[in-house]
Structure formats: structure tokens, C-alpha cells
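Just so we're on the same page, the numbering used here is the position in the sequence shown counted from 1, plus 13.
Ideal placement from N, C-alpha and C gives every residue a C-beta, glycine not left out.
These numbers were taken from a predicted model, which means no experiment stands behind them.
Shown next, in C-alpha cells, is the structure this report addresses.
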Amino acid sequence: MLAEPMMAGIHVADPETLSLQATFPRFVEIERRYGSLTRGMIAARRAAHANGRDARTTTFMTLRGGLQELVGALAHAIRAEIRLGTRVTRLAATPAGGYRLLLDDSVMLEADAVVLATPAYVSADLLRHTAPELATKLDAIRYVSTATVSLGYNADEFEHPLDGFGFVVPRHEQARLLACTWTSTKFPQRAAPGTVLLRAFVGGPRREGLVALDDDALVGLVREELRGLPLAPQQPAV
Numbered sequence: 014m015l016a017e018p019m020m021a022g023i024h025v026a027d028p029e030t031l032s033l034q035a036t037f038p039r040f041v042e043i044e045r046r047y048g049s050l051t052r053g054m055i056a057a058r059r060a061a062h063a064n065g066r067d068a069r070t071t072t073f074m075t076l077r078g079g080l081q082e083l084v085g086a087l088a089h090a091i092r093a094e095i096r097l098g099t100r101v102t103r104l105a106a107t108p109a110g111g112y113r114l115l116l117d118d119s120v121m122l123e124a125d126a127v128v129l130a131t132p133a134y135v136s137a138d139l140l141r142h143t144a145p146e147l148a149t150k151l152d153a154i155r156y157v158s159t160a161t162v163s164l165g166y167n168a169d170e171f172e173h174p175l176d177g178f179g180f181v182v183p184r185h186e187q188a189r190l191l192a193c194t195w196t197s198t199k200f201p202q203r204a205a206p207g208t209v210l211l212r213a214f215v216g217g218p219r220r221e222g223l224v225a226l227d228d229d230a231l232v233g234l235v236r237e238e239l240r241g242l243p244l245a246p247q248q249p250a251v
């Protein structure tokens with residue numbers, strides 16, 4: 014009951030197919046040590062208070078200007094040729110132990126090593142001839158689609174203190190939302206003073222078809238779902 018909405022909401026996947034050891038190893042350790050997650054979390058909170066620590070200390074962190082700052086810094090530090098908007102159409106091994114890459118502009122590149130930072134299905138297509146066994150394994154990784162909708166509000170319209178980070182929705186609720194993050198609480202720099210930013214998640218393994226809705230329909234759906242909760246004002250400012 015506790016793990017299912019967290020695993021489904023955070024990883025946007027069917028919890029029946031996820032490994033708890035891989036996704037939440039701390040839960041596994043807590044259950045082994047205390048016999049249940051509830052007892053373990055109560056014990057952790059008591060220990061934090063006894064040691065003078067705030068049990069609510071967040072583990073959520075980001076860069077003030079967004080993760081694009083990290084991308085920009087890495088691009089600057091690499092000091093190498095970076096080709097944007099260019100697709101690799103074919104990857105082949107060479108007799109010398111290197112690789113040959115054909116780009117969509119017909120340019121051919123040769124490299125000693127290749128790092129694939131692409132979705133599994135894209136990597137599978139590139140490796141189809143070079144490493145067919147690996148490509149088959151990559152093909153077996155299932156992807157589901159999700160959509161995010163961000164809504165902005167004036168803070169004085171909220172009666173709820175928003176003194177958390179959001180909520181995840183259990184499967185048995187039959188709701189159309191997977192989760193909702195209180196972005197301006199997690200990352201205050203993401204919203205102007207006096208405003209609240211919420212980010213809702215729709216789709217996933219439960220209702221993947223909702224992702225096909227157009228933007229207006231998705232926004233309307235999220236507003237309708239939030240109106241059913243004693244949380245958000247009736248109408249967002251943005």
C-alpha cells in the first residue's frame with residue numbers, strides 16, 4: 014500500500030515489474046532491520062530528533078538556473094567539436110577494433126570508442142548489426158509514456174500550507190493523475206515570490222492513452238482532478 018504509489022508515481026512504471034532492491038534499496042534494508050516500513054520510519058524519525066537533526070531535511074536538490082547550467086558547463090569543459098541536431102544512422106565495428114558512424118548528413122566518422130546515451134530502443138537499432146544479442150536485450154526493455162502539466166497559482170489563494178513535496182496516487186483510487194509535485198516548495202527558485210507552481214503527471218502504465226490528448230485537454234483534465242482535492246484553488250493563474 015505504501016510502496017506501490019511511490020514506485021508507480023516516482024518511476025512512472027508498473028510496480029509489479031520493478032525491482033525494489035534497484036529502485037528503493039533503503040526500503041529493503043528498513044524492512045529487514047525493523048520488520049516493517051512503518052516501524053522503521055518511526056524509528057528513523059525518533060533517532061533524528063534525538064540527535065538534534067530535522068527529520069524533514071530534503072534530499073531534493075537542483076541548480077538554481079536549472080540543469081541546463083550543468084549541460085552548458087560540461088559542453089564548455091569538453092572543448093571538443095559538438096554536433097547538434099545530427100543523427101547517427103548506422104554504427105559498425107571496424108577490423109581495427111574501432112567504430113565507424115554514418116551521420117544523417119552523409120558524413121562518416123571513425124572512433125576508437127562510442128558511448129551511447131540514448132533510449133534503449135534507439136541503442137538497439139544502432140547495435141542491430143554490430144551486437145545483435147545486446148540489441149535483442151535492449152528491445153525487451155518496455156517504455157511507457159507520461160505527460161507533465163505545470164500550473165501556476167497565486168500563493169494567497171491556497172488554504173493548504175503546502176508543507177511537503179507533493180503526493181502520489183495509489184492505483185486503487187482510479188484517479189487520472191499519477192502524482193503531483195509542489196515544485197515551488199521543492200525548489201523555491203522555480204517560482205516568483207508570492208506564487209505557487211504545481212507539476213502534475215498523467216499517463217504511465219495505468220492510462221498511457223491520456224498522453225495522446227492535446228495540450229488543452231490535458232490541462233483541463235489536470236484542473237478537474239485537482240478540483241476534486243482540498244488543495245488547489247478552482248482556477249490557476251497560469
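Annotation for Val-135: the continuous alpha helix (DSSP H) segment containing it runs 133 to 140. Annotation: Lys-199 to Phe-178 spans about 6 Å, alpha carbon to alpha carbon.
If you keep only unbroken alpha helix (DSSP H) runs of at least 4 residues inside the region 32 to 120, you get 33 to 36, 38 to 47, 50 to 63 and 81 to 91. By alpha-carbon distance to Leu-122, the top candidate from Val-25, Arg-240 and Arg-96 is Arg-96. Linking Ser-49 to Gly-98 through their CA atoms gives a straight-line distance of about 50 Å.
Between the beta-carbon of Pro-201 and that of Asp-27 there is about 33 Å, and that puts the pair past the 8 Å contact cut.
DSSP places Ala-225 in the helix class (H, G or I) of the three-state scheme. When C-alpha distances from Glu-170 are compared across Thr-208, Glu-29 and His-24, the shortest belongs to Thr-208.
Setting aside the 5 residues that flank it on each side, Asp-152 is surrounded in the same chain by Ala-137, each with a C-beta closer than 6 Å to its C-beta; the list follows chain order. Residue pairing by DSSP leaves Glu-17 without any beta bridge partner. Taking Ala-148 as the centre and dropping the five residues before and after it, the same chain places the C-beta of Ala-137, Leu-140 and Arg-141 closer than 7 Å to its C-beta, in chain order.
Residue state for Glu-123 is assigned as strand, using DSSP reduced to three classes. In the displayed model, Gly-233 falls within a helix according to three-state DSSP. The beta carbons of Phe-214 and Val-25 sit about 7 Å from each other, so the pair counts as a contact at 8 Å.
In this structure, Val-181 lies near Ala-192, with their beta-carbon atoms less than 7 Å apart. The three-state reading of DSSP puts Arg-220 in coil, since its state is none of H, G, I, E or B. Following the DSSP letters along the chain, one finds Leu-191 inside the beta strand (DSSP E) bounded by residues 190 to 195.
Taking every protein chain shown into account, the CB of Val-157 has fewer than 16 other CB atoms within 10 angstroms, so this residue is exposed. Between the C-alpha atoms of Ala-124 and Pro-183 there is a straight-line separation of about 48 Å.
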